[in-house]
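Input: a single structure, listed below in structure tokens.
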Amino acid sequence: MSFTSLPFLAQAAPGGDPRVAWAPVVLLLVIAIGFALGNLVLSLLIGPSRKGAVKGQTYESGMVPVGDARRRFNVRFYVVAMIFLVIDVDIVFMYPWATIFARAARSGERVFGTELGALLLIEMVVFVFLLLVAYLYAWGKGVFRWD
Numbered sequence: 007m008s009f010t011s012l013p014f015l016a017q018a019a020p021g022g023d024p025r026v027a028w029a030p031v032v033l034l035l036v037i038a039i040g041f042a043l044g045n046l047v048l049s050l051l052i053g054p055s056r057k058g059a060v061k062g063q064t065y066e067s068g069m070v071p072v073g074d075a076r077r078r079f080n081v082r083f084y085v086v087a088m089i090f091l092v093i094d095v096d097i098v099f100m101y102p103w104a105t106i107f108a109r110a111a112r113s114g115e116r117v118f119g120t121e122l123g124a125l126l127l128i129e130m131v132v133f134v135f136l137l138l139v140a141y142l143y144a145w146g147k148g149v150f151r152w153d
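Below you can see the structure in the form of structure tokens.
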């Protein structure tokens, strides 16, 4: 798909006026800022404005807060959160790989005497295998036990 196949982006084609090419970005920023400001203004205008001791109290998932907020948590919570973040970021890296892999598998291009699609598949299998080894290591260390 090219810029010229979409009528509203025909003017943003390469070689055109650079200001016109930035028009969609500027429009998106204006819409985003307008949406944020509109929500703030509307919440101030039509939102409830009750004040009081109960309204000013800390809200904790519908429960009355008990104890000190600065109490220590077990490190396992943080380790599980870090493992989740690592796996989540790894999955984000799989999206660009998938787009490149689809193109490479169709093209039949060769690198180092091997088809590029096969090479990319082997790389992803190694990547996922390393993730699995790290996950099994954490499981073996008891990171996921909550007792």
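For reference, each letter of the sequence shown is one residue, going 7 to 153 in the working numbering. Note that the Cβ used here is the ideal one computed from N, Cα and C, for glycine as well.
Counted within 10 angstroms of its Cβ, other Cβ atoms place Leu138 as buried (16 or more) or exposed: Translated into the one-based positions of the sequence shown, residue 138 becomes position 132. Flag for Leu138 reads exposed.
C-alpha distance - Ser49 paired with Gly40, whole-angstrom precision: Here the question's residue 49 lines up with position 43 in the sequence shown. Here the question's residue 40 lines up with position 34 in the sequence shown. So the alpha carbons of these two residues sit roughly 14 Å apart.
Local conformation of Val117 per DSSP, three classes: Residue mapping note: residue 117 aligns to position 111 of the sequence shown, counting from 1. It is a strand residue.
Three-pair Cβ contact test at 8 Å for the region 125 to 143 versus the region 98 to 106: yes
Whole-angstrom C-beta distance between Ala110 and Gly123, which should lie under 8 Å: Taking the first residue of the sequence shown as 1, we reach residue 123 at position 117. Taking the first residue of the sequence shown as 1, we reach residue 110 at position 104. About 5 Å separates the CB atoms of Gly123 and Ala110; that is less than 8 Å, so the two are in contact.
Buried or exposed (CB count within 10 angstroms, at least 16 for buried), Val26: Translated into positions along the sequence shown, residue 26 becomes position 20. With fewer than 16 other Cβ atoms within 10 Å, it is exposed.
Buried versus exposed, by CB contacts within 10 Å (16 or more), Leu155: Lying before the first or after the last residue shown, residue 155 is absent from the chain, which here runs from 7 to 153.
Inter-residue spacing [alpha-carbon to alpha-carbon] between Leu91 and Tyr84: Taking the sequence shown and counting its residues from 1, the one referred to as residue 91 is at position 85. Taking the sequence shown and counting its residues from 1, the one referred to as residue 84 is at position 78. Their Cα atoms are separated by approximately 10 Å.
Classification of Leu46 by the beta-carbon crowding that lies within 10 angstroms, buried from 16 upward: Along the sequence shown, one-based indexing puts residue 46 at 40. Leu46 comes out exposed.
Distance cut-off 8 Å: Trp103 Cβ against heavy atoms of the ligand NAD: Questions concerning the ligand NAD fall outside what the structure shown contains, since it holds no ligand whatsoever.
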